[in-house]
Amino acid sequence: MNVIIQNGRVIDPANGRDEVADVFITDGKIAATAPRDTEVIDGSGLIVAPGLIDIHVHLREPGYGWKETLASGARAAAAGGFTTVVCMPNTLPVADSPSTVTWINERAAETACVNILPTGAISRNLAGEELAPIGSLAHAGVVAITDDGRCIQNNELMRRAVEYARMVGVPVLDHCQDYNLVGKGIVHEGYWSTLLGLPGWPSAGEEVIVARNILLAELCDHDIHCQHISSAGSVRLLREARARGVKISGEVCPHHIALTDESIQNFDTNYKMNPPLRTEADIEALLEAIADGTIGILASDHAPHARFEKEVEFDAAPFGIVGLETELGLFIDVLVHKTGTIDMLRVIEMLTIAPARLLKIKKGTLSVGASADVTLIDPALEWTVDAKSFETVSCNSPFDGWKLKGRAVRTIVAGQTAWKL
Amino acid sequence: MMAALTSELRWHRKDLLGIRELCADEITFVLDNADAFKQVGTRDVKKVPALRGKTVVNFFVEPSTRTRTSFELAAIRLSADVINISASTSSLTKGETLKDTAKILEANHADIIVLRHSSAGAAHFLGERLSASVINAGDGAHEHPTQALLDLYTIREKKGSIAGLHVVIVGDILFSRVARSNIFGLLKLGARVTLVGPTTLVPRAFEQLGVSISNDIDAVLPTADVVNLLRIQHERQGKEYFPGLGEYIRLFGLTKARAKLLKPECLIMHPGPINRGVEIDSELADGVQSVILDQVTNGLAVRMAVLYLCGGIGKR
Numbered sequence: 419m420n421v422i423i424q425n426g427r428v429i430d431p432a433n434g435r436d437e438v439a440d441v442f443i444t445d446g447k448i449a450a451t452a453p454r455d456t457e458v459i460d461g462s463g464l465i466v467a468p469g470l471i472d473i474h475v476h477l478r479e480p481g482y483g484w485k486e487t488l489a490s491g492a493r494a495a496a497a498g499g500f501t502t503v504v505c506m507p508n509t510l511p512v513a514d515s516p517s518t519v520t521w522i523n524e525r526a527a528e529t530a531c532v533n534i535l536p537t538g539a540i541s542r543n544l545a546g547e548e549l550a551p552i553g554s555l556a557h558a559g560v561v562a563i564t565d566d567g568r569c570i571q572n573n574e575l576m577r578r579a580v581e582y583a584r585m586v587g588v589p590v591l592d593h594c595q596d597y598n599l600v601g602k603g604i605v606h607e608g609y610w611s612t613l614l615g616l617p618g619w620p621s622a623g624e625e626v627i628v629a630r631n632i633l634l635a636e637l638c639d640h641d642i643h644c645q646h647i648s649s650a651g652s653v654r655l656l657r658e659a660r661a662r663g664v665k666i667s668g669e670v671c672p673h674h675i676a677l678t679d680e681s682i683q684n685f686d687t688n689y690k691m692n693p694p695l696r697t698e699a700d701i702e703a704l705l706e707a708i709a710d711g712t713i714g715i716l717a718s719d720h721a722p723h724a725r726f727e728k729e730v731e732f733d734a735a736p737f738g739i740v741g742l743e744t745e746l747g748l749f750i751d752v753l754v755h756k757t758g759t760i761d762m763l764r765v766i767e768m769l770t771i772a773p774a775r776l777l778k779i780k781k782g783t784l785s786v787g788a789s790a791d792v793t794l795i796d797p798a799l800e801w802t803v804d805a806k807s808f809e810t811v812s813c814n815s816p817f818d819g820w821k822l823k824g825r826a827v828r829t830i831v832a833g834q835t836a837w838k839l
Numbered sequence: 255m256m257a258a259l260t261s262e263l264r265w266h267r268k269d270l271l272g273i274r275e276l277c278a279d280e281i282t283f284v285l286d287n288a289d290a291f292k293q294v295g296t297r298d299v300k301k302v303p304a305l306r307g308k309t310v311v312n313f314f315v316e317p318s319t320r321t322r323t324s325f326e327l328a329a330i331r332l333s334a335d336v337i338n339i340s341a342s343t344s345s346l347t348k349g350e351t352l353k354d355t356a357k358i359l360e361a362n363h364a365d366i367i368v369l370r371h372s373s374a375g376a377a378h379f380l381g382e383r384l385s386a387s388v389i390n391a392g393d394g395a396h397e398h399p400t401q402a403l404l405d406l407y408t409i410r411e412k413k414g415s416i417a418g419l420h421v422v423i424v425g426d427i428l429f430s431r432v433a434r435s436n437i438f439g440l441l442k443l444g445a446r447v448t449l450v451g452p453t454t455l456v457p458r459a460f461e462q463l464g465v466s467i468s469n470d471i472d473a474v475l476p477t478a479d480v481v482n483l484l485r486i487q488h489e490r491q492g493k494e495y496f497p498g499l500g501e502y503i504r505l506f507g508l509t510k511a512r513a514k515l516l517k518p519e520c521l522i523m524h525p526g527p528i529n530r531g532v533e534i535d536s537e538l539a540d541g542v543q544s545v546i547l548d549q550v551t552n553g554l555a556v557r558m559a560v561l562y563l564c565g566g567i568g569k570r
């Protein structure tokens with residue numbers, strides 16, 4: 419199907435474009451001229467962006483189909499405006515072998531309506547003890563390696579992983595958590611953990627590993643990307659290192675800028691995530707980091723869990739919340755409308771070309787010849803989050819009922835509409 | 255039972271989950287009710303029909319002898335029917351969730367569930383999901399409201415009132431639900447609270463709750479009206495928070511020498527169980543300033559009041 423998207427505000431940060439124009443799609447690719455036999459989509463009043471990329475999602479398949487599948491996760495992605503998602507390897511089995519990666523790729527090709535790019539484990543079975551076959555995983559098509567959800571504590575092993583990953587050209591994504599410092603911690607260590615008697619997860623537990631990663635990125639001259647940065651201290655470390663040109667980067671998730679640890683006071687497990695919600699001061703630091711480019715990538719850490727798994731004692735509940743379907747709305751609402759931290763062009767940049775560059779994938783632009791992954795966004799549309807209507811299998815969202823301004827209205831993958839409002 | 259007659263006007267809670275959510279009037283009201291029930295304990299017939307026909311379930315997922323016994327006796331003296339369930343005898347060991355176990359108790363017409371649990375927030379969790387009354391008998395390091403109420407009752411009984419007193423709480427504050435509930439209750443009733451212990455067990459964040467912190471017990475004891483010694487909970491820590499019991503005793507133990515710093519009328523309290531010779535010298539625990547056994551007796555009266563108010567009055 420050929421498509422013309424007419425009169426939209428085309429924002430393509432990779433090419434420095436922000437103008438009202440038409441976008442042409444021929445045979446699933448962005449074209450320079452108007453195709454024939456076209457479907458015409460009226461883009462007036464809408465932003466026409468490269469298809470959004472989420473570098474951090476958990477799609478739970480294989481192994482945990484009651485939480486999510488590649489198909490349902492892809493539908494959630496499309497409903498959130500995402501045409502490409504990068505799924506984490508903590509499945510059952512763990513994606514620490516080429517056969518599992520191949521299975522995910524084949525299953526995604528059969529069932530998913532968006533592009534799903536798998537990651538591979540850094541260590542076998544995410545145990546943090548011996549390296550997974552990183553070269554074979556890269557050949558099987560992983561776009562990055564990560565032990566996400568876990569963090570390699572052995573600095574020497576992490577160093578070897580980063581050095582080895584450089585050889586095969588994939589970045590290392592790291593969940594930054596020092597196990598000894600964090601211990602049994604489940605909520606930010608501070609006023610609310612003290613008041614509620616919940617085990618504290620100190621910011622230093624993240625910062626120590628961010629610092630470690632900066633040193634190793636420098637030592638190995640290779641990309642380490644720090645996932646879901648939550649603390650002001652991490653931001654300071656990243657800012658200093660990036661100014662020196664170290665190959666270190668960080669991402670921020672919506673919940674870490676939309677919520678503070680005050681939310682945990684009723685012991686609602688939909689506010690339990692890892693790293694935990696922190697303070698107003700941390701939010702300010704994260705916003706500054708987004709404004710000045712210290713943080714260059716936005717992501718959801720979409721982590722579906724069934725209601726029966728979340729509806730337990732606070733310390734027994736699994737960490738994480740679903741995020742794909744609220745992510746863009748929250749980023750636009752918080753970063754553009756409420757705080758004026760950045761403009762729409764930067765939001766789109768941080769959700770398209772920035773993650774694409776880190777992963778070295780040919781995505782995230784509207785350049786002629788690129789795969790026609792396009793997201794149409796109404797940045798002013800007011801809507802109410804309704805977890806019951808989510809495409810994801812799970813509904814563990816603290817944002818249910820929130821009124822947000824801004825959302826995707828149509829998601830096009832390789833020229834085909836995968837979802838529309 | 256004069257106080258109880260007016261109770262419908264003053265108590266509207268189905269559950270007692272913590273002290274933090276109570277106002278000073280509610281706390282005082284429970285203590286006033288406990289006065290009436292304490293008097294019952296002095297009679298030949300120590301039983302009243304206040305909860306006749308009601309079923310109380312002591313659901314103790316975390317082990318306890320003293321608190322469970324106190325709740326059990328309190329319920330029996332109110333003429334309720336009582337059963338006890340522990341973690342090892344419940345289906346939790348078979349993988350049943352807390353919610354399901356509690357729903358099954360409720361389906362068996364339990365009116366009041368007294369919950370002891372190792373997870374902070376567990377009582378809130380059940381309180382939100384059950385129409386039965388939920389009484390928090392200790393949830394993790396969060397709250398132990400009936401312990402605080404019996405401590406407040408004991409202080410009020412001995413001192414006449416609580417406002418203006420200087421209460422010193424010594425020991426393992428970080429992991430202590432007793433400390434948290436006491437802090438909330440004491441501050442609401444106008445006491446001044448100082449926490450004493452090693453920096454590792456008394457984090458600075460507690461100052462934000464409105465209390466003072468000291469690491470020098472000798473400097474604090476002379477102005478204390480009440481010293482509440484918390485048990486050093488070896489089993490809860492799993493990590494090293496101080497270099498050893500010898501050093502703890504040296505720095506923070508209430509030794510006989512140290513007790514000389516106390517005002518003669520200063521009360522010595524301990525929620526139990528006591529590690530004699532660690533947080534408190536053995537003779538002091540049995541000495542004239544000690545009100546440790548009064549705390550136990552008052553605990554019964556306070557728990558009768560709480561069961562009566564939540565299960566009888568608050569439910570309507």
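Protein sequences appear in the order of chains A and B.
Numbering-wise (this note's numbering), the first sequence opens with residue 419 and increments by one.
Numbering-wise (this note's numbering), the second sequence opens with residue 255 and increments by one.
No residue lacks a Cβ here, since even glycine has one placed at the ideal position from N, Cα and C.
Could you work out which residue in the options is closest to residue i when comparing CA atoms only?
i: B:D269; options: B:A402, B:R458, B:A386, B:Y502; result: B:A386
i: B:F460; options: A:L839, A:V626, A:T612; result: A:T612
i: A:G463; options: A:G481, A:T770, A:Q424, A:G499; result: A:Q424
i: B:A513; options: B:N482, B:G500, B:F379; result: B:N482
i: A:A724; options: A:Y482, A:R435, A:G469, A:G601; result: A:Y482
i: A:G446; options: A:R454, A:D641, A:N420, A:K806; result: A:N420
i: B:I486; options: B:V450, B:V465, B:K510; result: B:V450
i: B:S373; options: A:R525, A:V730, A:E680; result: A:V730
For my contact list, residue i and residue j are in at a C-beta cut-off of 8 Å; report their separation, rounded to the angstrom.
i: A:E607; j: A:P620; result: 4 Å
i: A:L704; j: A:I666; result: Between A:I666 and A:L704 the Cβ distance is about 16 Å, and since that is not below 8 Å, they are no contact.
i: A:I701; j: A:T687; result: Incorrect: roughly 21 Å between the Cβ atoms, too far for contact.
i: B:A473; j: B:R431; result: In fact, because the Cβ distance is near 27 Å, the residues do not count as touching under 8 Å.
i: B:E558; j: B:R264; result: This sequence places Met at residue 558 of chain B; Glu is not what is there. B:M558 to B:R264, Cβ: 17 Å. No contact.
i: B:S468; j: B:T454; result: Contact doesn't hold; Cβ gap of about 15 Å is too wide.
i: A:G559; j: A:E743; result: Incorrect: roughly 26 Å between the Cβ atoms, too far for contact.
i: A:I627; j: A:V590; result: Contact flag wrong, Cβ pair sits at about 12 Å.
i: A:L510; j: A:G538; result: Going by Cβ atoms, the distance from A:L510 to A:G538 rounds to 15 Å, so no, they are not a contact pair.
i: A:T793; j: A:T829; result: 6 Å
i: A:G746; j: A:G824; result: A small correction: the amino acid at residue 746 of chain A is Leu; Gly does not occupy that position in the sequence shown. Yes, they are in contact, since the Cβ atoms of A:L746 and A:G824 sit about 7 Å apart, within 8 Å.
i: A:G738; j: A:S718; result: Contact flag wrong, Cβ pair sits at about 10 Å.
Are there 16 or more other CB atoms within 10 angstroms of the CB of residue i, so buried, or fewer, so exposed?
i: B:T347; result: exposed
i: A:P536; result: buried
i: B:M256; result: Confidence at B:M256 is low in this model, with a pLDDT of 46, below 50, so its placement is unreliable and no value can be given for it.
i: A:R478; result: buried
i: A:A650; result: buried
i: B:F379; result: buried
i: A:R630; result: buried
i: A:L470; result: buried
i: A:L839; result: exposed
i: A:K821; result: exposed
i: A:G787; result: exposed
Which same chain residues end up closer than 6 Å to residue i when comparing Cβ atoms and leaving out the 5 residues on each side of it in sequence?
i: A:G618; result: G603, E607, S611
i: B:P525; result: Q401, V432
i: A:G895; result: One cannot answer for residue 895 of chain A here, as it falls past the ends of chain A, which runs 419 to 839.
i: A:Y597; result: Q571
i: B:V421; result: L440, A445, V447, V480
i: A:A432; result: I771, T783
Leaving out five residues on either side along the sequence, give the residues of the same chain with a beta carbon under 7 Å from the beta carbon of residue i.
i: B:A278; result: K442, L443
i: A:E624; result: C594, Q595, S648, S649, S652, P693
i: A:K485; result: R478, P722, H723, A724, V811, S812
Give every residue of the same chain whose Cβ lies closer than 8 Å to the Cβ of residue i, excluding the five residues on either side of it in the sequence, and list them in chain order.
i: A:R452; result: Reading off the sequence, residue 452 of chain A comes out as Ala, not Arg. The residues are I422, D440, F442.
i: B:V545; result: T408, K412, L521, I522, M523
Within 7 Å: the Cβ of residue i and any heavy atom of the ligand SAH?
i: A:Q424; result: You won't find the ligand SAH in this model; it holds no ligand whatsoever.
field: Residues of the stretch 678 to 695 of chain A with Cβ closer than 8 Å to any Cβ of chain B, in chain order
entry: Residues passing the 8 Å Cβ filter: N684, F685.
query: Just by C-beta distance, which residues in the stretch 714 to 739 of chain A are closer than 9 Å to chain B?
result: For the stretch 714 to 739 of chain A, the set of positions with a beta-carbon nearer than 9 Å to some beta-carbon of chain B reads F726, E729, V730, E731, F732, D733, A734 in chain order.
field: Within 7 Å of chain A by C-beta, residues of the stretch 415 to 435 of chain B in sequence order
entry: Going along the stretch 415 to 435 of chain B in chain order, one finds R431, R434 with a Cβ nearer than 7 Å to chain A.
- request: Would you list, in chain order, the members of the stretch 461 to 477 of chain B that have their beta-carbon closer than 7 Å to a beta-carbon of chain A?
  value: Under the 7 Å Cβ criterion, the stretch 461 to 477 of chain B contributes Q462, L463.
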